[in-house]
Structure formats: C-alpha cells, structure tokens
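Count along the sequence shown starting at 1, add 17, and that's the number in this note's numbering.
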Amino acid sequence: MTTLPTSRSRTSPTPRVAPLLETVSTTSRSAVLVAGGYFDTAAGIGAFSLNSFALAQETGAAARRLHRGNKVLYDVIVNDLGMSCSTDVCTLPAAGPEETDLSPLTASAAEAGISFTVTRERNLRNRAARSMKRWLRDPAAQPLFTRDGDEIVFRSRQYEKVLAGVVKDDHVVPRCPLIVAEYFARYFARLRRAFPDCAHRHVVDINSLADRDKVTKGAEIYLRTHGTPEEEIVLVFADPSCADPLALTYTAYDF
C-alpha cells in the first residue's frame with residue numbers, strides 16, 4: 018500500500034536548507050529574497066556560482082512550501098569592480114554588461130521555472146558613495162558614522178573598527194561593508210514595494226566563507242541604520258560545493 022505524505026513531510030525543507038529557513042513563519046505570509054550565484058566578472062561563472070544558485074533555488078522552493086502565501090524573489094550579485102572591492106583602484110579591468118555571459122545561470126533558472134535579477138557591485142558602490150557624500154554635508158543625520166581624518170568609520174557593536182569609506186577630495190570611496198549594506202537596503206526596499214501585505218521580510222544571502230567578515234559588517238550597518246522589526250537577514254556561508262552551508266540569522270535586535 019502506498020503511504021501518502023503527511024502535511025509535515027510536504028512542507029519540511031531538506032536538512033541542507035532547513036537552517037536557512039528556520040525562522041520563516043509557517044502561519045503567516047513572508048516575503049523572501051534569496052541571493053545566490055555570486056561571481057566575479059574577471060573569473061567568470063564557476064563552481065561556487067553554479068552551486069550557490071542551485072542552493073538558492075532549493076531554498077526558494079522550500080520557502081514557498083512553508084506557507085502557500087509566501088513570495089520569493091531571486092537575485093545574483095556580480096562583482097564588476099575587479100578582484101577586490103576594498104582597494105581604491107581595481108586590480109583587474111571590470112567587464113561591461115555585454116561581456117558578462119550569464120547563460121549558465123539563465124539555463125539553470127529556466128530549468129527550475131524561475132526568473133532572477135542581477136545586481137552589479139559597481140552600481141552599489143556608486144549609490145553608497147552618493148549616500149556618504151550626503152552624510153558628509155550633514156553628519157548628525159546618521160550618528161553611527163564618524164569621521165577620523167580621511168576615514169569614515171561605523172560604530173560597530175561587534176568589531177573594534179569597521180571602515181565604511183575613505184574621503185578623497187570631494188568624494189567618498191566606499192569600502193566593502195558599506196557596499197554590502199547598500200545591497201541589503203536595495204533588497205528590502207524591493208520586498209517592501211513588491212509585497213507590502215507580507216508580515217515578514219527575509220533576505221537569505223549565500224556567500225563564500227572568505228567573505229564572512231565583510232558581509233557580517235554590512236548586515237550590521239544596514240540593520241542598525243535602516244532595519245525594521247519585520248526584517249531579517251540570514252547570512253549563509255559555504256565552500257564551492259555548497260554541500261554543508263552554515264546559516265547565521267540577524268535582526269536589528271541582535272546588535
């Protein structure tokens with residue numbers, strides 16, 4: 018005799034994905050944005066990009082099964098700044114949009130029946146630079162940032178020092194944590210606009226293990242300067258296989 022699946026078995030995520038969605042409600046609607054597939058234009062789409070995009074798809078599908086009213090968006094972050102966004106000058110020339118081959122990701126998305134957007138770090142850097150330029154004119158508007166000589170420092174509660182940017186003449190060169198905070202701001206703004214009737218908003222951000230410090234700093238900057246009680250960031254760290262991801266969940270109350 019065939020045993021029909023129970024309601025719990027139909028909605029429970031797999032062991033790999035369950036920690037990423039541990040705090041997503043099963044009784045009220047949530048809006049979830051899953052960011053996976055990250056790659057550097059200098060290196061192209063490799064194992065981490067493909068595997069993290071697959072993990073993102075699995076996470077999004079599981080989120081929809083947790084509650085029939087849940088809404089899910091997918092995004093891929095592209096580093097088009099060069100090998101390191103923490104330097105003033107990119108170490109390698111960045112590829113333009115026409116040079117970026119997204120076909121491995123678009124094929125994967127088509128097979129899964131989903132769509133995704135692309136967020137470019139160059140755009141985030143420019144937005145962060147404009148934001149910090151406004152702050153220079155009115156520092157009292159955001160007291161969690163201070164200026165120390167040519168440096169703009171964020172008053173972190175978990176790190177001794179978080180360098181947000183460097184003042185160069187009449188402009189600001191943002192550092193990695195500020196760029197990361199900018200993409201969290203963009204993600205949550207998208208969720209608010211697209212799904213205003215969802216009770217909770219979650220961003221599940223899949224990263225390589227090497228990026229743990231900068232994305233954690235960026236999460237703190239966003240949550241302490243713009244976060245609301247309905248918003249939660251799940252930072253996911255994984256090796257290129259993405260077989261055993263580590264999930265750390267943060268809200269504004271955690272700092």
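Idealized CB from N, CA, C, for every residue including glycine.
Would you list the residues sitting across from residue i in a DSSP beta bridge?
i, result
"Tyr91", "Val51"
"Lys234", "DSSP lists no partner for Lys234."
"Glu168", "Asp165, Val183"
"His219", "Val49, Glu249"
"Asn96", "Asp57"
"Asn224", "Phe254"
When you compare only the Cα positions, how much space is there between residue i and residue j?
i, j, result
"Val184", "Glu168", "6 Å"
"Phe272", "Ser125", "37 Å"
"Thr163", "Thr266", "27 Å"
"Pro36", "Ser69", "15 Å"
"Leu12", "Ala158", "The structure shown has nothing for residue 12, since the chain only spans 18 to 272."
"Gly77", "Tyr91", "8 Å"
"Gly54", "Glu177", "31 Å"
"Thr242", "Pro213", "21 Å"
"Ala112", "Ala211", "The pLDDT assigned to Ala112 is 45, lower than 50, so where the model puts this residue is not dependable, and the model offers no usable value."
"Glu237", "Ser173", "7 Å"
"Val220", "Gly244", "12 Å"
Please identify the residue among the options whose C-alpha is closest to the C-alpha of residue i.
i, options, result
"His188", "Leu153, Ala158, Gln74, Phe171", "Leu153"
"Ser258", "Phe56, Ser47, Leu72", "Leu72"
"Leu141", "Gly77, Val220, Val190, Glu199", "Glu199"
"Ile223", "Ala264, Thr245, Ala236", "Ala264"
"Gly61", "Leu252, Leu122, Thr245, Gln74", "Leu122"
"Val190", "Ala146, Thr43, Leu252, His243", "Ala146"
"Glu248", "Ala260, Arg203, Ala227, Leu226", "Arg203"
"Ala206", "Val197, Arg218, Phe56", "Arg218"
"Ile250", "Pro262, Asp165, Val232, Glu128", "Val232"
"Ala52", "Ala216, Ala127, Glu75", "Glu75"
"Ala80", "Lys234, Leu67, Leu50", "Leu50"
"Gly86", "Ala227, Ser132, Ala216", "Ala216"
Indicate the three-state DSSP secondary structure (helix, strand or coil) for residue i in the structure shown.
i, result
"Leu265", "strand"
"Thr117", "coil"
"Gly77", "helix"
"Glu39", "coil"
"Arg241", "helix"
"Thr136", "strand"
"Val34", "coil"
"Pro160", "coil"
"Pro194", "helix"
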